[in-house]
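With this note's numbering applied, the sequence shown corresponds to residues 37 to 379, in that order.
Note that CB positions come from ideal geometry on N, CA and C, so glycine has one too.
Each remark here refers to the structure printed beneath this line.
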Amino acid sequence: MMLVGVSLSVFLLILCSPLSLSHVVTEFREDNCLSFFLDGTTPVIPDVLHTSSNNQEQNRYKLICQKLKDSNPYTFATLYDTENKIPVFSAYTYKGSYESQKRIWMYEPQLDGEQSAIMKRINKGDIKNHQATYDDYLNEAANSSDHKVSRGHIFPMQHAHDKDSSLSTCTLTNIVPQKTTFNGGSWCAMEKKVKYIMDKHCKCNLAEPMAYVVTGAVPGENTIKNRVNIPDFMWTAFCCEYELGKWGSMAHWAKNEEEIILKDQNKKIILPITLDNLHTELKNHYHSTETNVFLKFEAPLDAAACLQEGLSLGVVRQVVDEQVICVHTQVQQPCGQHLERGG
37 MMLVGVSLSV FLLILCSPLS LSHVVTEFRE DNCLSFFLDG TTPVIPDVLH TSSNNQEQNR
97 YKLICQKLKD SNPYTFATLY DTENKIPVFS AYTYKGSYES QKRIWMYEPQ LDGEQSAIMK
157 RINKGDIKNH QATYDDYLNE AANSSDHKVS RGHIFPMQHA HDKDSSLSTC TLTNIVPQKT
217 TFNGGSWCAM EKKVKYIMDK HCKCNLAEPM AYVVTGAVPG ENTIKNRVNI PDFMWTAFCC
277 EYELGKWGSM AHWAKNEEEI ILKDQNKKII LPITLDNLHT ELKNHYHSTE TNVFLKFEAP
337 LDAAACLQEG LSLGVVRQVV DEQVICVHTQ VQQPCGQHLE RGG
């Protein structure tokens, strides 16, 4: 595994609205993008990130407050691994969606010694030592006989709430190599399902939904161009207040692998799991005894009691007067091959 020796214990405590430049920081603070983390508490990752002010491996792991333009607020936060050249996680708040049809691929200048505090467009032929480049994902590099991968968003465009937020997700510091059929298949369908659930169940008497989300990647043993790590697994979790004073959560975990769809078979489905299930997976893969996601909240939306129904579009569990209710979700606009538009 490319992250050998780093026992990760990923705590995702996920937070709220952007505040104010996209740049590499030594700590997440109230005046940059600490507000993306629930109660101002960042993920705890042993040997990588203990607290917002204690980034132990600053030469390898970089804290990035992401934004598109100088005049914009921050849009999300990323912990980036400059050796594997993929994000460990991105944290953001879901407040409704606006998916731009435009994709302009960008990079983080400060990771490679430039002074600019906002992301810049990446061009063919650009060489960057500490992050992925446009050329890393070109067809001849990313679609070898061994690995057919495409750019996979950690913070997905379809979860961004306005045009600039959506465009800001196209920085390569928010991208991992995902197997192409997985990226455009079950993972995309899961993202749409989660969006539907958050739209429907995370309003808590508000006009618009509000949920805290963290999505991450578990590094694998393979790379593209001997540079960019291809993750073995992808995971995501969200929590939100679905009724006044009542918080719920849901998690997903999936192997980043090719999906072969035959005419007589159903499409692969990524079913929701409990936070405890996610903790177990993270402990196993990062050889850690300490994981916790959304520390304060047990998970009324965990959907564990509903999994046996095996619904292709997923279900969400609610607890009402101590009774478990399975709420069937439906997703319009099935996925198909959706990524790699633009350049």
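Cut-off 6 Å between Cβ atoms - residues of its own chain near residue i, not counting five sequence neighbours on either side
| i | result |
| --- | --- |
| Val212 | Ile122, Gly188, Ala253 and Pro267 |
| Pro145 | Ser152 and Lys156 |
| Ile190 | Pro123, Ser126, Asn210 and Thr251 |
| Cys69 | Cys101, Tyr110 and Ala113 |
| Ile306 | Ser222, Met226, His288 and Ala290 |
Cβ pair residue i, residue j closer than 9 Å
| i | j | result |
| --- | --- | --- |
| Ile100 | Thr114 | yes |
| Lys231 | Tyr130 | yes |
| Thr217 | Glu295 | yes |
| Tyr248 | Phe72 | yes |
| Pro255 | Asp117 | yes |
| Cys238 | Leu280 | no |
| Glu227 | Phe269 | no |
Nearest-angstrom Cα separation, counted from residue j out to residue i
| i | j | result |
| --- | --- | --- |
| Lys303 | Ile297 | 6 Å |
| Glu150 | Pro245 | 37 Å |
| His364 | Pro308 | Here His364 scores only 39 on pLDDT, less than 50, and its place in the model is too uncertain to base an answer on. |
| Met142 | Thr111 | 15 Å |
| Asn120 | His166 | 9 Å |
| Tyr15 | Val61 | Because the chain here runs from 37 to 379, residue 15 falls outside it and cannot be looked at. |
| Leu74 | Leu203 | 24 Å |
| Asn265 | Glu257 | 7 Å |
| Thr169 | Gly132 | 30 Å |
| Ile154 | Ser222 | 33 Å |
| Asn320 | Arg96 | 23 Å |
| Gln94 | Glu63 | 10 Å |
| Asn108 | His323 | 39 Å |
| Lys184 | Pro192 | 20 Å |
| His197 | Lys103 | 13 Å |
| His195 | Lys261 | 30 Å |
| Leu242 | Pro79 | 27 Å |
| Ile158 | Ile140 | 8 Å |
| Ser186 | Trp283 | 35 Å |
| Tyr278 | Thr205 | 26 Å |
| Arg65 | Lys164 | 28 Å |
| Tyr128 | Lys229 | 17 Å |
One or two residues paired with residue i in a DSSP bridge
| i | result |
| --- | --- |
| Tyr143 | Lys156 |
| Phe73 | Per DSSP, none; premise fails for Phe73. |
| Ser126 | Thr114 and Thr251 |
| Ile260 | Val264 |
| Cys275 | Tyr248 and Ser285 |
| Tyr97 | Asp117 |
| Met193 | Met193 is not bridged to any residue. |
| Arg187 | Pro213 |
| Ala290 | Met270 |
| Gln102 | Phe112 |
| Val61 | Leu99 |
7 Å CB neighbourhood of residue i in its chain, flanking five on each side removed
| i | result |
| --- | --- |
| Leu314 | Trp271, Ala273, Ala287, Trp289 and Val329 |
| Lys98 | Val60, Tyr116, Thr118 and Leu147 |
| Leu201 | The residue you asked about is not Leu; residue 201 is Ser in the sequence shown. Excluding residues within five positions, the ones whose Cβ falls inside 7 Å are Thr111. |
| Thr259 | Asn265 and Ile266 |
| Asp357 | Caution applies to Asp357, whose pLDDT of 38 falls short of 50 and renders its modelled position unreliable; the model cannot decide the point. |
8 Å Cβ shell around residue i - same chain, five flanking residues per side excluded
| i | result |
| --- | --- |
| Lys199 | Tyr134 and Ser136 |
| Glu293 | Lys215 and Phe218 |
| Arg263 | Lys121, Ala168 and Asp172 |
Interface flag, residue i vs chain D, CB-CB below 9 Å
| i | result |
| --- | --- |
| Ser222 | Among the chains of the structure shown, chain D does not appear; only one protein chain is present. |
Any non-hydrogen atom of the ligand NAD closer than 8 Å to residue i Cβ
| i | result |
| --- | --- |
| Arg139 | Within the structure as shown, the ligand NAD is missing, as the structure has no ligands at all. |
Does the contact criterion of 3 or more C-beta pairs under 8 Å hold for the segment 220-234 versus the segment 269-283? A contact between stretches requires three or more CB pairs, one per stretch, nearer than 8 Å, and the segment 220-234 meets this requirement with the segment 269-283.
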